[in-house]
Amino acid sequence: MREAQNPHTLPVTAEQVEAARNGEWAIYLASAKPVPRAWFGDIVAKDVLCLASGGGQQGPILAAAGASVTVFDLSDEQLSRDREVAERENLALQTVQDDMTNLSAFSDGTFDLIVHPVANCFIPDAKPLWREAFRVLRPQGALLAGMVNPLLYALADSDEALVLEHLIPYSDYASMSKVERHKHFAEGGALEFGHSLQDLIGGQLDAGLIITGFYEGSFDGRRVSDIIATLFATRAVKP
Ligand SMILES: C[S@@+](CC[C@H](N)C(=O)[O-])C[C@H]1O[C@@H](n2cnc3c(N)ncnc32)[C@H](O)[C@@H]1O
């Protein structure tokens, strides 16, 4: 994904939280395009899981809008941003630290809504994520998920030449040498994986979800984004 810092990756401000308390809010799962409000329904008092969603963005806004929010992330540093905003703004919000493919902290049918910003590019296989999301949703519950168009990972790393170079599914692990991986980790990089559309869309359907909404977004700062949308989001419902 290799995203440069943008305003939507910073913790939300006091003004945004205050507006959310008054019903004026938006969250972002795939680029700077807000998730359509119609995708949420009434979220007041609903149980919401913000999955791989630390950083103080989606969780605090949904809590201020009246939902009962659990923010789940592998990174305690990211979760601490949510706790900081919650404390600063006097919001009730829980945080849970674990891998997004392991939702064993939650029993079946715990949540009415799951919001999942672009993050499954950090796990080697997206399919277990969809199965776990299905399990912890209540019937009629919805999963709103942002994803990377696999084309982005098929392109050569240089943004200058738009050359298709990598096989999809793509894995940083497979395409980097041991030395490159070491350097990448030393610079604070995370391994990324480019999933096929079969796994991103077909995987949700295979898990039993029904896709009811779709939009594309663009990835700022990449030349390819002038040609084709490089992110997309789906709304999927557990029947
Ligand atoms: C691009 S951020 C998305 C969330 C952020 N609120 C945003 O909107 O930018 C990706 C998140 O996924 C988390 N993450 C990466 N690998 C993970 C894993 N295996 N399990 C759970 N969370 C993970 C990161 O710590 C990060 O908070």
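So the number in our numbering is just where the residue sits in the sequence shown, counting from 1, plus 895. We put the beta carbon where it would ideally sit given N, CA and C, even for glycine.
Bridge partners of residue i, per DSSP?
i: Thr1129; result: Ala1040 and Phe1109
i: Val1010; result: Cys945 and Leu1039
i: Leu1050; result: Leu1059
i: Gln989; result: Thr965
i: Gln1089; result: In the sequence under discussion, the amino acid at residue 1089 is Gly, which differs from the Gln named in the question. For Gly1089, which the question treats as bridged, DSSP gives the partners Tyr1065.
Would you tell me roughly how many angstroms separate the C-alpha atoms of residue i and residue j, rounded to the nearest one?
i: Gly1036; j: Val907; result: 26 angstroms
i: Gln900; j: Arg978; result: With a pLDDT of 45 at Gln900, under the threshold of 50, the modelled position of that residue is not reliable, and no figure is offered here.
i: Glu910; j: Ser1072; result: 46 angstroms
i: Leu974; j: Thr904; result: 13 angstroms
i: Arg942; j: Asp994; result: This sequence places Asp at residue 942; Arg is not what is there. Spanning the two alpha carbons is a distance of roughly 20 angstroms.
i: Ile1096; j: Gly1004; result: 22 angstroms
i: Arg1130; j: Leu1086; result: 26 angstroms
i: Ala914; j: Phe935; result: 17 angstroms
i: Gly1103; j: Pro1134; result: 8 angstroms
i: Ala1028; j: Ile1009; result: 7 angstroms
Anyone know if the C-beta pair for residue i and residue j falls short of 8 angstroms?
i: Ala1128; j: Val930; result: yes
i: Pro1012; j: Ala940; result: no
i: Gly1098; j: Tyr1048; result: no
i: Gly1136; j: Ser926; result: The first residue shown for the chain is 896 and the last is 1134, placing residue 1136 beyond what the model contains.
i: Phe1006; j: Val1031; result: yes
i: Val1132; j: Thr1125; result: no
Would DSSP call residue i helix, strand or coil?
i: Arg1117; result: coil
i: Pro1019; result: coil
i: Glu898; result: Residue placement at Glu898 is flagged as unreliable, the pLDDT there being 47, under the threshold of 50; a coordinate-derived value is accordingly withheld.
i: Pro1034; result: strand
i: Gly1084; result: coil
i: Thr996; result: coil
i: Asp1003; result: coil
i: Glu919; result: coil
i: Asp937; result: coil
i: Leu1095; result: helix
Can you give me the start and stop residues for the alpha helix (DSSP H) that residue i sits inside?
i: Val1074; result: Lys1073 to Ala1081
i: Ser926; result: That residue, Ser926, is in no alpha helix (DSSP H); it is neither H nor E in DSSP.
i: Leu1100; result: Gly1098 to Asp1101
i: Ala914; result: Ala909 to Arg916
i: Pro906; result: From DSSP, Pro906 is part of no alpha helix (DSSP H); its letter is neither H nor E.
i: Gly954; result: Gln953 to Ala959
i: Arg983; result: Asp971 to Glu984
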